[in-house]
Amino acid sequence: MAVALSTLVEEADRYLGSAKIADYCPNGLQVEGRPQVMRIVSGVTASQALLDAAVEAEADLVLVHHGYFWKGENPCITGMKQRRLKTLLKHDISLLAYHLPLDLHPDVGNNVQLARQLDITVEGPLDPDNLKIVGLVGSLKEPLTARDFARKVQEVMGREPLLIEGNPMIRRVGWCTGGGQGYIDQAVAAGVDLYLSGEASEQTFHSARENDISFIAAGHHATERYGVQALGDYLAKRFAVEHIFIDCPNPI
């Protein structure tokens, strides 16, 4: 079956509430392709590797978390950006991208989906007084040592995480997928035993050590694989179309 592109985009926008969320890029339809959609290919980032794989898969639409046209970037269509857009336009493929709306969503959001992967019970936002911070806090069913939890993260993510050991026993966890390492101060204030994000900065080490909490950097790409898959599955079920998730591994 096929669904009109406009109908699919309207539903995705509504479901994620994207019009209400201020962001650093346009959310929704970024490149318009053919008017009917039968096959969605999803991935974390609209890289050339993903676009080439989507062409090979005969996709009508590419759905991603990291799209194009970021605030402050050079607007000229040259080099890498030209090649990416040329691929989409040449093959009449649409690009649908959701950044913060996909981090925040209570069902298909990156943070909620990661919690399900790691068996964390969500308790609430990382900072209840600042809902612009998209991280969450939650608890484990059974306490684990920091090293055992890191091993679990490795099993789920398929890659060895960076672990900074602080508090040896982990009961409460704070997390923010992707580049959320800057929220470690909010995690400390929330009283968690461990904070997890995708990336780490130089100062993250000192914040964790001096506040006696453990920290895990599990990979920006790796921690954000699950939201876009869940959104693709939702749209595929909603409109009886095909959805294929293609992982283009990124060690960062």
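Numbering (my numbering), first residue to last: 535 to 786. Glycine residues also receive a C-beta, built at the ideal position from the N, C-alpha and C atoms.
Taking C-alpha atoms, which residue in the options lies nearest to residue i?
i: residue 676; options: 653, 762, 603, 545; result: 653
i: residue 664; options: 638, 694, 729, 579; result: 638
i: residue 712; options: 612, 723, 541, 578; result: 578
i: residue 570; options: 539, 692, 627; result: 539
i: residue 668; options: 643, 684, 594; result: 643
i: residue 786; options: 765, 758, 773, 763; result: 758
i: residue 679; options: 704, 589, 781; result: 704
i: residue 587; options: 572, 743, 558, 625; result: 625
i: residue 604; options: 561, 574, 573, 619; result: 561
Cutting at 7 Å between CB atoms, please list the residues of its own chain near residue i, excluding the five before and the five after it.
i: residue 726; result: 671, 706, 707, 708, 747
i: residue 688; result: 694, 695
i: residue 622; result: 565, 567, 585, 629
i: residue 592; result: 573
Taking all protein chains shown into account, do 16 or more other C-beta atoms lie within 10 angstroms of the C-beta of residue i, making it buried, or fewer, making it exposed?
i: residue 535; result: exposed
i: residue 582; result: exposed
i: residue 594; result: buried
i: residue 661; result: buried
i: residue 714; result: buried
i: residue 608; result: exposed
i: residue 614; result: exposed
i: residue 633; result: buried
i: residue 647; result: buried
i: residue 718; result: buried
i: residue 739; result: exposed
i: residue 698; result: buried
Could you pull out every residue in the same chain whose Cβ sits closer than 8 Å to the Cβ of residue i, ignoring the five residues on either side in sequence?
i: residue 576; result: 596, 597, 598, 762, 763, 765, 766, 777, 778, 779, 780
i: residue 769; result: 542, 545, 546, 574, 597, 775, 777
i: residue 701; result: 680, 727, 728, 746, 747, 748
Could you pull out every residue in the same chain whose Cβ sits closer than 6 Å to the Cβ of residue i, ignoring the five residues on either side in sequence?
i: residue 602; result: 564
Fill in: Whole runs of the alpha helix (DSSP H) within the stretch 704-732, excluding any shorter than 4 residues
With a minimum length of 4 residues, the continuous alpha helix (DSSP H) runs that stay inside the stretch 704-732 are 718-723.
Across the stretch 733-744 and the stretch 542-559, are there enough close Cβ pairs to call them in contact, namely three or more that are closer than 8 Å? Below 8 Å, too few C-beta pairs join the stretch 733-744 and the stretch 542-559 to call them touching: fewer than three.
*asked:* Which complete beta strand (DSSP E) runs does the stretch 601-658 hold, if anything under 3 residues is left out?
replied: DSSP runs (the beta strand (DSSP E)) wholly in the stretch 601-658: 628-631.
- Can you find at least 3 beta carbon pairs, one from the stretch 563-575 and one from the stretch 740-755, that sit closer than 8 Å? By the Cβ criterion, the stretch 563-575 is not in contact with the stretch 740-755, since fewer than three pairs of Cβ atoms, one from each stretch, lie closer than 8 Å.
Practice problem: Return the chain-ordered ranges of every beta strand (DSSP E) run that is complete within the stretch 545-610 and spans a minimum of 3 residues. | Solution: List check, beta strand (DSSP E) in window: 562-565, 573-579, 595-600.
Ordered list of alpha helix (DSSP H) runs contained in the stretch 675-699, each at least 4 residues
The alpha helix (DSSP H) runs of length 4 or more contained entirely in the stretch 675-699 are, from start to end of the chain, 680-691.
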